[in-house]
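The block underneath contains the structure these notes are about, expressed in structure tokens.
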Amino acid sequence: MQATDVIWMDGAFVAWDDAKVHVISHALHYASGVFEGIRFYETPEGPAIFRLQEHIDRLFVSAKKIGMQIPFTREQLVRATVELIAKNKVGSGYIRPIAFFGYGGMGLTPKGAAINVAIACWPWPAFLGDKPIKVKTSSFIRIHPKSTHADAKITGHYINSLLAAQEAHAEGYDEALLLDWEGFVAEGPGENVFAVKDGVLYTPPLGAILPGITRDSVITIARDLGIEVRQMTLTPQDLRNAEELFFTGTAVEVAPIGALDDKTFGPGPVTARLRSVYSDAVHGKAQQYRRWLTIVR
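Numbering of the sequence shown is given in my numbering, commencing with residue 17 and proceeding in unit increments.
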């Protein structure tokens, strides 16, 4: 990780190395936090944050689901994020807002614990690179939606992702694919999944998966291009029968899948087209998606 100059923390900008929390912070012991992943890109107008408002809105939705009242407004966090990019003088990279129960209480419930909020940014290229990736169907299932709020971005959920990803990496794969408790396709450790068959785009429905903002962007772009999109329950065999597969997510952007377990997939024209338009959108080259960008002046 490449450190930047400052991090916004609880209302003030502090030096990167000074952004610290107490070891007896509730979230460190009980994973009682929520977070977001946001990207910003170089554009002809300067650095631009992609769908900043939607990410901050989702942060607040996630916080509400764990009983957390974030002590800042959405507008304050939006403004802090823009100022953070400007102060760090970074042209493109990744942004990590996080809100968590901190020091002051140590029962399972966070009574008495402070609520801390921080935003960091740093340069970070595409998480899975530019080449088609190899994916393994995980032996771990996605978290059951009746055991938690599976559609919220809660820090504790990501031990499930960690286990699946570690398993895949240990067996020589780039990433994992998780099924749900019924054996249907869910999502990757940090990505939504799409399949293309006969020119139609398929993806699992919302409910037991994270409502990805990149997922929503790609669905919007596909429909604007005249590509039919079907959000429906998918089986592992549906993916094997597909002509193209790809992941979407803030970190991975649009990542083509070249192999799923022992099945290989060639480069696909639908994936390539969606990836190209998405890249144009985030880099300020597609005027119709200009509304998705927050320019850092």
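Where is the CB? At the ideal position from N, CA and C, for every residue including glycine.
As the structure is a prediction and not an experimental result, all values here were calculated from the model.
Open item on the list: Can you give me the C-alpha to C-alpha distance between residue 175 and residue 167, rounded to a whole angstrom?
Closed with: Indexing the sequence shown from 1 puts residue 175 at position 159. Indexing the sequence shown from 1 puts residue 167 at position 151. Rounded to whole angstroms, residue 175 to residue 167 spans 15 Å at the Cα level.
Exercise for the section: Can you give me the start and stop residues for the beta strand (DSSP E) that residue 298 sits inside? Expected result: In the sequence shown, counting from the first residue as 1, residue 298 sits at position 282. From DSSP, residue 298 is part of no beta strand (DSSP E) but of the alpha helix (DSSP H) over 285-298.
Opening and closing residue of the beta strand (DSSP E) in which residue 132 lies:
The residue you call residue 132 lines up with position 116 of the sequence shown. Per DSSP, residue 132 belongs to the beta strand (DSSP E) from 131-138.
- Task: Pair every Cβ in the segment 238-245 with every Cβ in the segment 180-199, then say whether three or more of these pairs are closer than 8 Å.
- Result: The segment 238-245 makes no contact with the segment 180-199: fewer than 3 CB pairs, one atom from each, lie closer than 8 Å.
>> Below 8 Å on the Cβ atoms is my contact criterion, and I expect residue 298 with residue 117 to pass it. Report the Cβ-Cβ distance as a whole number of Å.
In response: Translated into the one-based positions of the sequence shown, residue 298 becomes position 282. Translated into the one-based positions of the sequence shown, residue 117 becomes position 101. No, residue 298 and residue 117 are not in contact; Cβ-Cβ is about 33 Å, not under 8 Å.
For the alpha helix (DSSP H) containing residue 255, list its first residue and its last residue.
-> One-based indexing of the sequence shown puts residue 255 at position 239. Residue range 252-256 is occupied by the alpha helix (DSSP H) that includes residue 255.
- prompt: Between which two residues does the alpha helix (DSSP H) containing residue 108 stretch?
  reply: As a working mapping, residue 108 is identified with position 92 in the sequence shown. Counting along the chain, residue 108 falls outside any alpha helix (DSSP H), and DSSP gives it neither H nor E.
Which two residues bound the contiguous alpha helix (DSSP H) that contains residue 182?
-> The sequence position of residue 182 within the sequence shown is 166, counting from 1. Per DSSP, residue 182 belongs to the alpha helix (DSSP H) from 174-186.
Exercise. Run through DSSP, which three-state label would residue 67 get?
Worked result: Walking along the sequence shown from the start, residue 67 turns up at place 51. Assignment of residue 67 by DSSP, reduced to helix, strand and coil, places it in the coil class.
What does the alpha-carbon distance come out to for the pair residue 153 and residue 238? The sequence position of residue 153 within the sequence shown is 137, counting from 1. The sequence position of residue 238 within the sequence shown is 222, counting from 1. Using only the alpha carbons, I get a separation of about 26 Å.
Q.
Looking at the strands, I want to know which residues DSSP matches up with residue 41.
A. Locating residue 41 in the sequence shown gives position 25, counting from the first residue. For residue 41, the beta-bridge partners assigned by DSSP are 119.
* **Among 49, 290, 223 and 255, nearest to residue 240 - alpha-carbon criterion** => Indexing the sequence shown from 1 puts residue 240 at position 224. Comparing alpha carbon positions, the residue from 49, 290, 223 and 255 closest to residue 240 is 290.
ask   = Alpha carbon to alpha carbon, how far is residue 256 from residue 276?
value = Residue mapping note: residue 256 aligns to position 240 of the sequence shown, counting from 1. Residue mapping note: residue 276 aligns to position 260 of the sequence shown, counting from 1. Looking at the two C-alpha atoms, the distance is approximately 8 Å.
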